[in-house]
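Numbering (our numbering) for the sequence shown: 72 to 226.
Contents: one structure, followed by commentary.
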Amino acid sequence: MDGKTNDILRKYPKGARDSLIPILQDIQDQEGYLSEQSIVEVGRYLNLPSGKIYGLATFYNQFRFEPPGQYHVCMCQGTSCHVTGAGDVRKELEKKMRLKPGETTRDGKFSLEYTACMGACHLSPLIRVNDRYHTRVAPGDVKGILNSFIEGEEE
């Protein structure tokens, strides 16, 4: 068992199936996604078939099964963001990144995800790149936001 996953599992009682979702959330928080290996390890720990774990995890859109890019771009699609122009920002993001939701660039730098709501409606439209939030985003802001991460690497 991988050390990080093992550390997470030790926080939960062995075989406690009601801990499945919190375990998966903790693993994704730590690793950025749920790997096949981590699902198998959780199955062994909780005495559940890995197919059932995968089935449950795919039911919830919060779980990812591929590693995110170095810069994980998450765009809010909540009602407030939608009515304040998120659709146009979304089109610009997809155009500049050349990605669809759930995809990662070939070089692993950027990945793209849309979420139902980030809970910051008064700051809409909203984009989060890793832990950095960009508020009241207009389509013309997208290029600068993406470039700020690329340029930050060169410094």
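Every residue gets a Cβ at the ideal spot worked out from N, C-alpha and C, and that includes glycine.
Computed from a predicted model, the values in this text were never measured in an experiment.
Item: Is tyrosine 116 buried or exposed, if buried means 16 or more other CB atoms sit within 10 Å of its CB?; Value: buried
Item: Run through the DSSP bridge pairs and tell me what tyrosine 185 is partnered with.; Value: Met146
Item: Hey, which unbroken runs of the beta strand (DSSP E) at 3 residues or more fall wholly within the stretch 105-176?; Value: 142-147
Item: If we call anything under 7 Å between Cβ atoms a contact, is asparagine 218 one with histidine 143?; Value: no
Item: Check valine 208 in the structure and name its three-state DSSP category.; Value: coil
Item: Looking at serine 90 and isoleucine 98, is the spacing between their C-beta atoms short of 7 Å?; Value: no
Item: Secondary structure at arginine 203, three-state DSSP: helix, strand or coil?; Value: strand
Item: Anyone know if the C-beta pair for proline 196 and tyrosine 185 falls short of 7 Å?; Value: no
Item: To the nearest angstrom, report how far apart glycine 156 and serine 121 are at their CA atoms.; Value: 41 Å
Item: Roughly how many angstroms lie between the CA atoms of cysteine 147 and glycine 86, to the nearest whole one?; Value: 36 Å
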